[in-house]
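Trainee: Residue numbers (my numbering): 468 to 548.
Just so you know, even glycine gets a beta-carbon here, dropped at the ideal spot from N, CA and C.
This one's a predicted model, so the numbers in the text were calculated from it and none came from an experiment.
#1: I'd like to check one pair, residue 505 with residue 476: are the Cβ atoms closer than 8 Å?
#2: Is it right to say residue 487 is buried, meaning 16 or more other beta carbons lie within 10 angstroms of its own, or is it exposed?
#3: Can you tell me whether residue 490 is helix, strand or coil according to DSSP?
#4: Between the beta-carbon of residue 518 and the beta-carbon of residue 490, is there less than 8 Å?
#5: State the DSSP-derived secondary structure class of residue 485, mapped to helix, strand or coil.
#6: Against chain C, with Cβ distances strictly below 8 Å, would residue 493 count as a contact?
#7: Taking the straight line between their C-alpha atoms, what separation do you get for residue 443 and residue 510?
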């Protein structure tokens, strides 16, 4: 899971870099759209970094291994009967 998060952070960094290269565009609507896109990318990066920190910290907490597993699915009617 950590590797996937790191990979997505790197992909977003490349996208951020590309947006920064093109943000100097003279067309105001395009520049505004690129600025908004940049803010979204940076927000996503921040969320992923926090998720990575949380994931790392749960590995160091005793009895937190259940947090890394998929949550149990609800029982169906046939399973309950």
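Mentor: Put simply:
#1: The sequence position of residue 476 within the chain shown is 9, counting from 1. The sequence position of residue 505 within the chain shown is 38, counting from 1. Using a Cβ distance threshold of 8 Å, residue 476 and residue 505 do not count as a contacting pair.
#2: Taking the chain shown and counting its residues from 1, the one referred to as residue 487 is at position 20. Exposed.
#3: Mapped onto the chain shown, residue 490 falls at position 23. When DSSP states are grouped into helix, strand and coil, residue 490 belongs to the coil group.
#4: Along the chain shown, one-based indexing puts residue 518 at 51. Along the chain shown, one-based indexing puts residue 490 at 23. No, the pair does not count as a contact, with Cβ atoms beyond the cut-off.
#5: Walking along the chain shown from the start, residue 485 turns up at place 18. Here residue 485 sits in helix by DSSP.
#6: This model lacks chain C altogether, as it is built from one protein chain only.
#7: With the chain running from 468 to 548 in the structure shown, residue 443 is simply not present.
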